[in-house]
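Engineer: First the structure, which I've put down as structure tokens, then a few questions once you've had a look.
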Amino acid sequence: MDKRFKPKEWEEKLYKSWEAEGLFTAKVDKKKKPFVIILPPPNANGNLHMGHAMMVYQDIMVRYNKLLGKEVLYLPGADHAGFETWYVFEKELQKQGKSRFDFKREELYKMVWEFTMKYRGRMEDQLRRLGFALDWEKKKFTLDEDIVWIVYLTFKKLFDEGLVYRAKRLINYCVRCKTSFSDLEVSYEEEEGRLWYIKYPLKGEEGFITVATTRPETMLGDTAVAVNPKDKRYKNLIGKKVILPLVGREIPIIADEAVDPEFGTGAVKVTPAHDETDWQIAQRHNLPMVQVIGFDGRMTKEAGKFAGLRVKEVREKVLEKLKSQGFLEKVKKHVHRVGKCYKCKTPIEPLPREQWFIKIRPLAEKAKELVKKGKIKIIPKKFEKILLDWLDRFYDWNISRQIIWGIRIPAYKCQMSNVKCQNCERKAKSEKVKGDGWFVSLERPEKCPICGECEPKQDEDTFDTWFSSGQWPYATLMSLAAKGEKLKSLEDYQKIEFFKYFYPTSVMETGYDILPWWVARMIMLGNFATGKEPFKVVFLHGLVRDKHGQKMSKSKGNVVNPLDLIEKYGADALRASLVYNTTVGSDVNFSEERIIGMRNFANKIWNMGRFLYLAREKASENKGLLEKEAEELEKEFAEVKGKYFKYMNSYQFPYALELLHEFSWHRFADYYIEKFKEALWQGDKGAFEALQKVYFEILKMLHPFMPFVTEAIWRVFKGEERSILEVSLLSL
RNA sequence: GGCCGUUUAGCUCAACUGGUUAGAGCACCCGGUUUACAUCCGGGAGGUUGGGGGUUCGAGUCCCUCAGCGGCCACCA
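For the first sequence, counting from 1, position 296 maps to 641 in our numbering; every step adds exactly one.
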């Protein structure tokens, strides 16, 4: 044995043999209890970062449960990561001096596909380097045909049950990325802006009403001025009309509770097409809508002489004109929150558009129930309230995205429907079709099921990525159960033995930062599609920060690369450094000192083995020199073991690791080995065996945390072909 | 504005449901080791647990309050 544990000489070799020996392969075995963790699918074209390394908790649970003798499925996969990938891909295109508009849809799709596939294998290999015991034979991709099929089935079921609908609403639109987003993808940033006070002259009489706004350019689309009904200052103005400056349109003064009399002048300009609150006011008062900002970020025809200008430019122009015509009363500094595209930071424009929405309330209420009744346990507990808060706040979810990388929505429109075309405003040919003409079909229909004559047109949009990843637990298990076959309904999949055995999954382990994006939606969609919770436990880990608690970012230059760390210190050290001396669910401030400490620990474990390995040859006969001490050791270890199981079973993994660290190093090595040394030199077999017995047990208990060093020693002692994963912790 | 978290040794963090002299690692100081490991061993110094008040036989832990830091959320245009 080497004097030191050399991870590089072991890691790849051991991982390959685990895979080759099928130790990560799960199958239905009714004699055993199943334990299932589905890996949160990383972006297929991504690169491993410290956030992925935090998923080590999954592998800890997986290996622990293997050692407990359960049938363990740890399922890998990859996410096509619709918009994320699209964003990176478009940047690549730009570098080549091209744009998405240079290509046809099919061409683009093929290009992104190839772009993604080029990197997919890389991520898989990187996960292997962390030592994750993934069942690679079963790996799934969100764009696998059979997965897409299940996503379609879910969409159809939602549609049939009235939980998905199409409506024209204000959506969050990024004019740079050219797509809409769900409310979650809008990130708000505080900014110092201006509050402009604009005079709107009353119609047919002297005087005016002053409104305050942060977005003067939207006044071109105003269709009312609103005041609070209780506001005495404006009581006599309600019902009167004002003339919209610059535009000349007559608009009414209305009363609405949503207006805060304390803010600004207490009078608000109402722009239904470009502000959510105003949209709602418009609904209540039946106000018309004038869209002055287009999807290209430029002013529309409705903006009259300002048409074609960019929003920023038009603001200046409008202000200039208002000022010169005497409508601008004053300007104040004003700090407010501006919604930005979470990716490119362009201000989000609320714009009216027809899209697909999921009716969230009924789904969220069911999800809440599952959590409240303890059907789904949240660890650590503090996130339970956060999740419930989120579930309370969720509002209908816009799942349409105007990008082509993703799962195209299987919705079609009858061309004979009597609804005006959204784009050309022309009426369709026939009056005989009722409704809006939209229908959902799992496959491209040959004949229109509505009118029977037209060739229906498929929606151009794709699903929000989270719509498909929200189905991941059941979609993967269903597709594996049916071995790629497409079944007629979600119910059919659920009858298959494989699905029944492995679903619901045991634990969903992921970062708390995607609680609303992913976890909440998996619960809602999983429960909807299968009638069951998709997992029994949600275990949330924290974020990895730098040593001073700063967020890692490229611009700060404090990003550490897990692969470099593995290269330098070994995977065991990296894994343990993210667990040792941390609190479950809290952020980890990562420092090189941490990982060095764990590298040393791995080496210490190795050297205990090395010592015993050398002592083994000397052990000849049982001299009974240290019977009392051996008993003492056994007693102390029994206590440690009890605590270990208590910690592991209650998800207190850091405690378990700290316990093993403390006991193995400072009691077993520093105290017992030192005490036994003399006897071992004299060849006392009894003393040797007492030590070895406890040592082997330490190896097994530590294996979930540090799989490589423990397995390496195991093989040194037991022979190349023997894996520590073949033994059971319970048989100790 | 609301919610959540956090404040403990120079640094990074522990201390489960309140219970001995508040513990680790790193750093620091002193000493040791010809055969498991210097990625080691033994010893040491270092804390008024953010401030104030309260409950209790007993508070880092529970309650109130103030302050700092971090995060999430909210339609004040």
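A virtual CB, placed ideally from N, CA and C, is assigned to each residue, including glycine. Bear in mind the structure is a predicted one, so any value in this text is a computation, not a measurement.
#1: For HIS619, count the other beta carbons within 10 Å of its own beta carbon; 16 or more makes it buried, fewer makes it exposed. Which is it?
#2: Measuring CB atoms only, is the region 444 to 453 touching the region 404 to 412, in the sense that at least three cross pairs come out at less than 8 Å?
#3: Name the two residues that bound the continuous alpha helix (DSSP H) containing PHE428.
#4: Under 8 Å: do the region 483 to 493 and the region 814 to 828 share three or more Cβ pairs, one atom per stretch?
#5: How about LYS1063: is its Cβ closer than 6 Å to a heavy atom in the ligand HEM?
#6: Apart from the five residues on each side of it in sequence, which residues of its chain come closer than 8 Å, Cβ to Cβ, to LEU1004?
#7: Comparing alpha-carbon positions, which option in LYS378, PRO379, PRO633, HIS397 lies nearest PRO387?
#8: On the three-pair Cβ rule with 8 Å, is the region 951 to 970 touching the region 1023 to 1042?
#9: Is ASP641 helix, strand or coil when you go by DSSP?
#10: Where DSSP assigns a beta bridge to CYS686, which residues make up the other side?
#11: Please classify ASN1051 as buried or exposed, where buried requires at least 16 neighbouring CB atoms within 10 angstroms.
#12: Whole angstroms are fine: how far does the CA of LYS877 sit from the CA of ASP734?
#13: Can you give the Cα-Cα distance for ASP470 and ALA512, rounded to whole angstroms?
#14: Taking ALA389 as the reference, give the member of GLU459, GLU1023, TRP783, GLU562 with the closest Cα.
#15: Thinking ASN581 and GLY611 are a contact (beta carbons under 8 Å), I'd like their distance in whole angstroms, please.
#16: According to DSSP, is VAL659 part of a helix, a strand, or is it coil?
#17: Count the other CB atoms within 10 Å of the CB of PHE808; is the residue buried (16 or more) or exposed (fewer)?
#18: Rounded to whole angstroms, what is the Cα-Cα separation between LYS726 and THR563?
#19: Output needed for ARG643: all residues of its chain with C-beta closer than 7 Å, excluding positions within five of it in sequence on either side, in chain order.
#20: I need the straight-line Cα distance from VAL433 to LYS688, nearest angstrom please.
#21: Beta-carbon within less than 7 Å of PHE847's beta-carbon, same chain only, minus the 5 sequence neighbours each way: which residues are those?
#22: Can the beta-carbon of TYR409 be found less than 7 Å from the beta-carbon of PRO999?
#23: Pick from PHE1021, GLU1065, LEU1025, VAL1072: whose alpha carbon is nearest that of LEU1044?
#24: Just how far apart, CA to CA, sit LYS577 and MET634?
#25: According to DSSP, is VAL889 part of a helix, a strand, or is it coil?
#26: Report the CB separation of ALA916 from LEU475 in whole angstroms; it is logged as a contact under 8 Å.
#27: Starting from SER813 and walking both ways along the beta strand (DSSP E), at which residues does that stretch end?
#28: With 16 as the cutoff for other CB atoms within 10 Å, does ASN994 come out buried or exposed?
#29: Specify whether the region 842 to 859 and the region 681 to 696 touch according to this definition: at least 3 beta carbon pairs, one from each stretch, less than 8 Å apart.
#30: Span of the alpha helix (DSSP H) holding TRP1085?
#31: Where GLY466 and ARG738 are concerned, what is the direct C-alpha to C-alpha distance, given to the nearest angstrom?
#32: Measuring CB to CB, does PRO692 end up less than 7 Å from TYR497?
#33: With respect to the beta strand (DSSP E) encompassing TRP701, which residues constitute its N-terminal and C-terminal limits?
#34: Determine whether the beta carbon atoms of LYS585 and ILE596 lie at a separation below 7 Å.
#35: Alpha carbon to alpha carbon, how far is ARG629 from PHE812? Give it in angstroms, no decimals.
#36: For the putative contact between ALA557 and GLY639, defined by C-beta atoms under 8 Å, what is the C-beta separation to the nearest angstrom?
Structural biologist: Reading off the structure:
#1: buried
#2: no
#3: 427 to 440
#4: yes
#5: In the structure shown, the ligand HEM is absent, as is every other ligand, since no ligand is present at all.
#6: VAL985, LYS988, TYR989, TYR992
#7: HIS397
#8: yes
#9: coil
#10: VAL531
#11: The displayed chain sequence assigns Met, not Asn, to residue 1051. Its Cβ being crowded by 16 or more others within 10 Å, MET1051 is buried.
#12: 21 Å
#13: 44 Å
#14: GLU459
#15: The pair is not a contact, with the Cβ atoms about 14 Å apart (cut-off 8 Å).
#16: helix
#17: buried
#18: 45 Å
#19: GLY653, LEU654, ARG655
#20: 10 Å
#21: PRO379, VAL381, LEU418, LEU822
#22: no
#23: VAL1072
#24: 28 Å
#25: strand
#26: 6 Å
#27: Not the beta strand (DSSP E): SER813 falls in the alpha helix (DSSP H), residues 810 to 814.
#28: exposed
#29: no
#30: This structure cannot speak to residue 1085, because the chain is shown only from 346 to 1077.
#31: 39 Å
#32: no
#33: 694 to 703
#34: no
#35: 31 Å
#36: 26 Å between Cβ atoms; not a contact.
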